[in-house]
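Trainee: Chains as they are written, first to last, in this note's numbering: chain A, 3 to 336; chain B, 3 to 336; chain C, 3 to 336; chain D, 3 to 336.
Heads up, the beta-carbon is just placed ideally off N, CA and C, and yes, glycines get one too.
Note that the coordinates shown come from a computational prediction; the quantities given were computed from them, not determined experimentally.
Pasting a structure here, questions to come.
There are 4 protein chains.
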Amino acid sequence: MKTAEKMNRSALSRIALFTSGGDAPGMNAAIRAVTRAAIAANLEVIGIRRGYQGMIEGDFQPLYASDVSGIIHLGGTMLRTARSNAFRTPEGRSRAYEQLKNAAIDAVVVIGGDGSFRGAQEMSQEYPVSFVGIPATIDNDMYGTDYTIGFETALNTVVEAVDKIRDTARSHGRIFFVEVMGREAGQLALHSGIACGAEVILIPESNAEGGKLHDFLKHGYKNKESSGIVIVAEGDESGGAMKIAERVRLDHPELEVRVSILGHIQRGGNPTADDRINATRMGVAAIEALLAGEKNIMIGIARDKIVQVPFKIAVKLCHRIDEQLLDIQRLMNI
Amino acid sequence: MKTAEKMNRSALSRIALFTSGGDAPGMNAAIRAVTRAAIAANLEVIGIRRGYQGMIEGDFQPLYASDVSGIIHLGGTMLRTARSNAFRTPEGRSRAYEQLKNAAIDAVVVIGGDGSFRGAQEMSQEYPVSFVGIPATIDNDMYGTDYTIGFETALNTVVEAVDKIRDTARSHGRIFFVEVMGREAGQLALHSGIACGAEVILIPESNAEGGKLHDFLKHGYKNKESSGIVIVAEGDESGGAMKIAERVRLDHPELEVRVSILGHIQRGGNPTADDRINATRMGVAAIEALLAGEKNIMIGIARDKIVQVPFKIAVKLCHRIDEQLLDIQRLMNI
Amino acid sequence: MKTAEKMNRSALSRIALFTSGGDAPGMNAAIRAVTRAAIAANLEVIGIRRGYQGMIEGDFQPLYASDVSGIIHLGGTMLRTARSNAFRTPEGRSRAYEQLKNAAIDAVVVIGGDGSFRGAQEMSQEYPVSFVGIPATIDNDMYGTDYTIGFETALNTVVEAVDKIRDTARSHGRIFFVEVMGREAGQLALHSGIACGAEVILIPESNAEGGKLHDFLKHGYKNKESSGIVIVAEGDESGGAMKIAERVRLDHPELEVRVSILGHIQRGGNPTADDRINATRMGVAAIEALLAGEKNIMIGIARDKIVQVPFKIAVKLCHRIDEQLLDIQRLMNI
Amino acid sequence: MKTAEKMNRSALSRIALFTSGGDAPGMNAAIRAVTRAAIAANLEVIGIRRGYQGMIEGDFQPLYASDVSGIIHLGGTMLRTARSNAFRTPEGRSRAYEQLKNAAIDAVVVIGGDGSFRGAQEMSQEYPVSFVGIPATIDNDMYGTDYTIGFETALNTVVEAVDKIRDTARSHGRIFFVEVMGREAGQLALHSGIACGAEVILIPESNAEGGKLHDFLKHGYKNKESSGIVIVAEGDESGGAMKIAERVRLDHPELEVRVSILGHIQRGGNPTADDRINATRMGVAAIEALLAGEKNIMIGIARDKIVQVPFKIAVKLCHRIDEQLLDIQRLMNI
């Protein structure tokens, strides 16, 4: 068992762990994996509650194997999360460091998105703390990893919601503009659009799709019999589903247009199998990396293999989408 | 088998069937039940597509037992639905009657809500057509029936959505204002609120709940640890979740307030077991009523028994809610 | 608020609460409701862990309002459950009574099925303890109540499972014999069979259905194109799905026959909206009954109203099923 | 649009398409993708119903873009599937070839598992027919592809079922042996076991796990408080969940042991987002391959890239599992 061997040759004795930024399904699975992999390597584990804010306030709790029992399938995060303005100030980070030092914490695993990793990077430049990150965000917008925890669950939540909306669209012969999350990234929109067989997908990464909508409204949606689903990424330049629907209503008063903004249901729910498995894989890899002396890196999964990506690269948000998927989407809507 | 006996003593030979108004999960189960119960009684069945509009246009199709196979579990309506302005005019209804007469249709089963039944009532006063109605609306706002098709599925869809939102609310210590459908009725809000353990439920049928929100914001939501779910019925006088959240943000800038408007996901999805069973019971009862010579009545379920309610009573929208449930809700939030 | 008034006029000061027998989804919602309704009436609440066995061992924990927070939507039971042979002996019940007396417990709410209520009845005849029961079993086989906690969730679990199996049955042109739980009762089989549009339903309460299967196999299942679902109640005299499928294979070697025994997935899962709401209603009603001086009764719901049923009547297991549903089922399979 | 370009330079004019072997969720999404990608390349598409048996019988139907509308989210296969003994004989294949020739079919896409591909390989050696395969089996046991259609949906179905069973296991302090499908492969067992946090996973690919079970029963399952989930692959040498549970009952009469054989629910249900997306990707790639003159290959996905694998390699069933996942599983159960 190579993993266990590596684990016994480290100078570490106690690590901390926290979740930060928006919650994502699978964070609990990652907490469980980090905790148990650390304990298996004879490390003590401290959970920091409420992200960087809790670090500043010293809101710590020891974590034992049994504390993370029965959480692998739960949405949200048992350590809770928060945004911290205080941590953005030198005073805040100074207090945070004091708290870590007082608790004799050698290294920290941070589970979150780009903002969380930027905070870790900044603190590590000022103080002798080793951070390793695990990417968790439904937006799937980190550089260097194909996958972030929560993306797949959110994707399936969107797909199930659109399946329901399709029932109504078909029954009424309506066009629905469905807005999905993703900040600047169109990943969730693109993948859910293909999985739902959406007629049009509007994402910030591609301008060409606007013409597609125009064609669909003019030619594709021929008569009252047919219906349509247009997926709109919240970051698309069109300004969101509400605005684009307004414009379409003006140009095509004959069409029955409706809007659905899926909102926060996309963040919650029990994680899918793969979100649990990948969270577990990355949690173990984070401990292995710390034991190997790594720091200021994000664990990622690229082409289905565990990789390590320096924070400064990972936080360059990744706006590239799979062009082939767009190509395929057009073929499917002949 | 009493049902079959009754069925053989009727003068009817051909009936029509359509869905009308907003779609509701379970409409397909009702279509199946009406069709098969009619065929079992040696009636011919004509499906009218797209509601009253299809009646005017003569958009008819014969329905056989096999046509309604494999649909009991599907959301939406295979006969589609529409709103018809033309039917509101005497000319429209005249053309609709001609179409029925030409197709030798003796009696019609209408599956829909109050607007659909008002149309049936109006037409039956002008022309010799017998209508029997089956209530299908997620709002559960018909008078004389405890139950309308689709309500229970919508209720469970809301509850599953709020379960997901609760994950995020807990993780961040936020208050969510979740707006649910129901037009003027607070049924969906009240039942989902109790099932989700919501802290506050705002419905049009009760003024007292506003004070409840005030208390909760002032005392109940004591610190950053706690979170809250406030369910807002779309018909509540507060003006919807968005407006009330704005006011709360002004009065309580220290709170993290979020809004989720569940929207059209509430109308779709595979019907629950009870929506399928009750749609089947009411579909059979509708054919039995027609065979017994009844007309201008809605089939309902009251205290778990099939009842018949004259259209003119049924369409008095029912705003009464179960006061005991409100009472219970308060007890649960001590 | 009548409920609160009643609650303040009681001599009770401390109650206990436990779950017993097979677990059922919604037990946690009932635990929450009993606890909070009791606290609202200024009662102290003691949770007994692991049913009668925990009562004998004094495995008690105080329950506060916050202890039952965030459990309304969870399957299983936070107080756990067990079967106790010791409680069947006079010595066991004697020790159980000592434990209650030592803990100054005046009255007990028992959440479970017929075995649990028989135990309560027996103990109440020997010792001065007041029991009130809340029926919780997926079998829905209690006398005097239309509803037991967990039945509706189990019903929807079965329906979703059969919807999946239907995919395969259709794709292959197969007949599936699906065995569902219910002990001696065919409730779960009958309701799920109608909701799934099963071709045949075999339940212990009706002999006529065997002939139905024979007809279906001979005439209904005409060719390789068609498929079929036969729901078999575990208590049916046919001896279960496995045995009946064996016989069918012998008689009809030309048919592709498969068996699926749904098993324990029927007991778990998040409760449906109605299971949560009804568990909450019955939990509150149980406390109201204790405050009103009632004892040795089960709370039930009949025709959608809360009722009180003496234990000795409730435990006469109810084998009656709704004949009309069987009638309807036949109509649907013309 | 490179895909479309390639597509216009082919000598093909008409292709056929069928599903074969056990059904898998996502087959319909693949049918849709193949059909539409073919039509986009100006090919005519013939659907063969009921697999090789339908090929022999000439059970063909033309497929247009609208025929595959509204099926992407449905389980099962609209073309149905069957096992054919006749196709294993030279006479059967001869008749199958006549049918293809009469229908002027140049090339065939086969969606199925190893048996289906063996049949294609055999026929292509005897007759001038080009086959391209798309792997669809919940077992995920094909060589050369990381992924087969249906695996991910089955995985999530298993995980949701075990989440429910865990409710009961915890409430009663029981050990459940849950048997999952997979024929000779332990993929479904291994992945679901990690996603569910199973205490032990028994798969045919690893002998070491038997000792793990022994340790768990002796030391891990210390007292009545704890519960356990053991996932058993149907192909494991232990002889299945039923047999192993019997042995455990003999050795550990003090334990409450239960068995659940998940059975056919694993094959059905609406496909997950990724099963739909990957089925779509592979469907398009199959048409691209045919247009490029490829034959006797299976389309696969390896390290998230589309690959082509000769049939003769693909059908070497793949029993290798990710050793790292086993390693991780052990760490998680310290």
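Whole alpha helix (DSSP H) runs in the segment 279-328 of chain A with 4 or more residues, listed along the chain?
Mentor: Those alpha helix (DSSP H) runs which fall completely within the segment 279-328 of chain A and span 4+ residues are 313-316.
Trainee: Short of 8 Å Cβ to Cβ, which residues in the segment 262-290 of chain A face chain D?
Mentor: Within the segment 262-290 of chain A, the qualifying residues are Asn272, Thr274, Ala275, Asp276, Arg278, Ile279, Thr282, Arg283 and Val286.
Trainee: Determine the chain C residues that contact glycine 78(D) at a beta-carbon separation under 7 Å, and present them in chain order.
Mentor: The residue you call residue 78(D) lines up with position 76 of the fourth sequence. Within 7 Å Cβ-Cβ: Asp169, Thr170, Arg172 and Ser173.
Trainee: Can you tell me which of the three DSSP states arginine 120(C) falls into?
Mentor: Mapped onto the third sequence, residue 120(C) falls at position 118. Arginine 120(C) falls in the helix class under three-state DSSP.
Trainee: What residues from chain D crowd round serine 25(C), counting only those whose CB sits closer than 8 Å?
Mentor: The residue you call residue 25(C) lines up with position 23 of the third sequence. The amino acid occupying residue 25(C) in the given sequence is aspartate; serine does not appear at that position. Simply Asp169, Thr170, Ser173 and His174.
Trainee: I'd like to know whether the C-beta of alanine 197(A) is nearer than 9 Å to at least one C-beta of chain B.
Mentor: Locating residue 197(A) in the first sequence gives position 195, counting from the first residue. With 9 Å as the cut-off, alanine 197(A) does not count as an interface residue toward chain B.
Trainee: Expressed to the nearest angstrom, what Euclidean distance is found between the alpha-carbon atoms of alanine 109(B) and glutamine 63(B)?
Mentor: In the second sequence, residue 109(B) corresponds to position 107, counting from 1. In the second sequence, residue 63(B) corresponds to position 61, counting from 1. So the alpha carbons of these two residues sit roughly 15 Å apart.
Trainee: Our contact map puts glutamate 128(C) next to arginine 97(C) with C-beta atoms below 8 Å; I'd like the distance itself, whole angstroms only.
Mentor: Position 126 of the third sequence holds residue 128(C). Position 95 of the third sequence holds residue 97(C). With a Cβ gap of about 12 Å, glutamate 128(C) and arginine 97(C) do not count as contacting.
Trainee: Give the interface partners of histidine 193(A) over in chain D, defined as CB-CB distance under 9 Å, in chain order.
Mentor: Within the first sequence, numbered from 1, the residue matching residue 193(A) stands at position 191. Neighbours of histidine 193(A) on chain D, chain order: Ala275, Asp276 and Ile279.
Trainee: Using the three-state DSSP reduction, which class does proline 64(A) fall into: helix, strand or coil?
Mentor: Here residue 64(A) refers to the residue found at position 62 of the first sequence. Strand, per DSSP.
Trainee: Around the Cβ of isoleucine 336(C), are there at least 16 other Cβ atoms within 10 angstroms (buried) or fewer (exposed)?
Mentor: Your numbering for residue 336(C) matches position 334 in the third sequence. Exposed: under 16 other Cβ atoms inside 10 Å.
Trainee: Which residue or residues does DSSP assign as beta-bridge partners of isoleucine 136(A)?
Mentor: By one-based count along the first sequence, residue 136(A) stands at place 134. Beta-bridge pairing links isoleucine 136(A) to Ile113(A).
Trainee: Going along chain A, which residues have a C-beta under 8 Å from threonine 83(B)?
Mentor: As a first step, residue 83(B) must be located in the second sequence, where it is residue number 81. Neighbours of threonine 83(B) on chain A, chain order: Ser173 and His174.
Trainee: Using a Cβ-Cβ cut-off of less than 8 Å, give me the residues of the segment 121-151 of chain A that come near chain D, in sequence order.
Mentor: Residues Asp148.
Trainee: Applying a beta-carbon distance threshold of less than 7 Å, which residues of chain A neighbour asparagine 158(D)?
Mentor: Translated into the one-based positions of the fourth sequence, residue 158(D) becomes position 156. Simply Thr274 and Ala275.
Trainee: Run down chain B in chain order and give the residues with a C-beta less than 9 Å from the C-beta of phenylalanine 178(A).
Mentor: Translated into positions along the first sequence, residue 178(A) becomes position 176. His266, listed in chain order.
Trainee: Pull out every residue of the segment 28-41 of chain D whose Cβ sits closer than 9 Å to any Cβ of chain A, in chain order.
Mentor: So the close ones are Ala31, Arg34, Ala35, Arg38, Ala39 and Ile41.
Trainee: Spell out the partners DSSP gives leucine 204(A) in its beta bridges.
Mentor: Locating residue 204(A) in the first sequence gives position 202, where the first residue counts as 1. DSSP, once it has assigned bridges, lists Val234(A) as partnering leucine 204(A).
Trainee: Applying the 10 Å Cβ sphere with the 16-neighbour rule, what's the burial state of leucine 293(A)?
Mentor: Residue mapping note: residue 293(A) aligns to position 291 of the first sequence, counting from 1. With 16 or more other Cβ atoms within 10 Å, it is buried.
Trainee: Along chain C, in chain order, which residues have C-beta atoms closer than 7 Å to that of valine 161(B)?
Mentor: Here the question's residue 161(B) lines up with position 159 in the second sequence. Those within 7 Å of valine 161(B) in chain C are Ala275.
Trainee: Distance check for glutamate 181(D) and isoleucine 246(D), CA to CA, integer angstroms please.
Mentor: Position 244 of the fourth sequence, counted from the start, is the residue given in the question as residue 246(D). Position 179 of the fourth sequence, counted from the start, is the residue given in the question as residue 181(D). Their Cα atoms are separated by approximately 10 Å.
Trainee: Identify the contact partners of glutamate 305(B) in chain C, using a Cβ-Cβ distance below 7 Å as the criterion.
Mentor: For the purposes of this step, residue 305(B) is identified with residue 303 of the second sequence, where counting begins at 1. One point to set straight first is that residue 305(B) is arginine, not glutamate, in the sequence displayed. Going along chain C in sequence order, the residues near arginine 305(B) (Cβ under 7 Å) are Arg305 and Asp306.
Trainee: Distance check for methionine 334(A) and leucine 190(A), CA to CA, integer angstroms please.
Mentor: As a working mapping, residue 190(A) is identified with position 188 in the first sequence. As a working mapping, residue 334(A) is identified with position 332 in the first sequence. In a straight line, the C-alpha of leucine 190(A) is about 18 Å away from that of methionine 334(A).
Trainee: If we define contact as Cβ-Cβ less than 9 Å, is isoleucine 74(C) a contact residue for chain B?
Mentor: Within the third sequence, residue 74(C) is the residue found at index 72, counting from 1. It does; some Cβ of chain B falls within 9 Å.
Trainee: Exposed or buried, arginine 322(A), counting other C-beta atoms within 10 Å across all chains shown (16 or more means buried)?
Mentor: Looking up residue 322(A) in the first sequence gives position 320. Flag for arginine 322(A) reads exposed.
Trainee: Listing by chain order, which chain A residues have their CB less than 8 Å from the CB of lysine 166(B)?
Mentor: Within the second sequence, residue 166(B) is the residue found at index 164, counting from 1. Result: Gly77, Thr159, His266, Ile267, Arg269, Gly270 and Gly271.
Trainee: Counting only beta-carbon atoms, is arginine 52(C) nearer than 9 Å to chain D?
Mentor: Locating residue 52(C) in the third sequence gives position 50, where the first residue counts as 1. Closer than 9 Å: yes.
Trainee: Have a look at the DSSP bridge pairing and note the partners of valine 330(B).
Mentor: Numbered from 1 along the second sequence, position 328 holds the residue referred to as residue 330(B). Before going on, a small fix: residue 330(B) reads as isoleucine here, not valine. Answer is none; isoleucine 330(B) lacks a bridge partner.
Trainee: If the cut is a Cβ gap below 7 Å, which residues of chain B does leucine 333(C) touch?
Mentor: Within the third sequence, residue 333(C) is the residue found at index 331, counting from 1. Result: Thr5, Arg38, Ala39, Ala42 and Val286.
Trainee: For the putative contact between leucine 204(A) and aspartate 238(A), defined by C-beta atoms under 8 Å, what is the C-beta separation to the nearest angstrom?
Mentor: Position 202 of the first sequence holds residue 204(A). Position 236 of the first sequence holds residue 238(A). Correct: roughly 5 Å between the Cβ atoms.
Trainee: Output the boundary residues of the beta strand (DSSP E) element that contains threonine 21(C).
Mentor: As a working mapping, residue 21(C) is identified with position 19 in the third sequence. 16-21 is the span of the beta strand (DSSP E), which, as asked, contains threonine 21(C).
Trainee: Might you give, ordered along the chain, the residues of its own chain that have their beta carbon closer than 8 Å to the beta carbon of asparagine 10(A), omitting 5 neighbours on each side?
Mentor: Within the first sequence, numbered from 1, the residue matching residue 10(A) stands at position 8. Caution is warranted here: a pLDDT of 49 is assigned to asparagine 10(A), below 50, making its placement in the model unreliable, and the coordinate value is therefore given only provisionally. Correct list, in chain order: Ala43 and Asn44.
Trainee: Please tell me whether arginine 260(C) has its Cβ less than 9 Å away from any Cβ of chain D.
Mentor: Working through the third sequence from its first residue, we reach residue 260(C) at position 258. So, interface residue.
Trainee: Along the chain, where does the alpha helix (DSSP H) containing valine 131(C) start, and where does it finish?
Mentor: Translated into positions along the third sequence, residue 131(C) becomes position 129. Element bounds for valine 131(C): n/a, residue is neither H nor E.
Trainee: Where glycine 302(B) and isoleucine 308(B) are concerned, what is the direct C-alpha to C-alpha distance, given to the nearest angstrom?
Mentor: Residue mapping note: residue 302(B) aligns to position 300 of the second sequence, counting from 1. Residue mapping note: residue 308(B) aligns to position 306 of the second sequence, counting from 1. If you take the alpha carbons of glycine 302(B) and isoleucine 308(B), they lie about 6 Å apart.
Trainee: Quick one: using the 10 Å Cβ neighbour count with 16 as the cut-off for buried, is alanine 291(D) buried or exposed?
Mentor: One-based indexing of the fourth sequence puts residue 291(D) at position 289. It is buried - the Cβ of alanine 291(D) has at least 16 other Cβ atoms within 10 Å.
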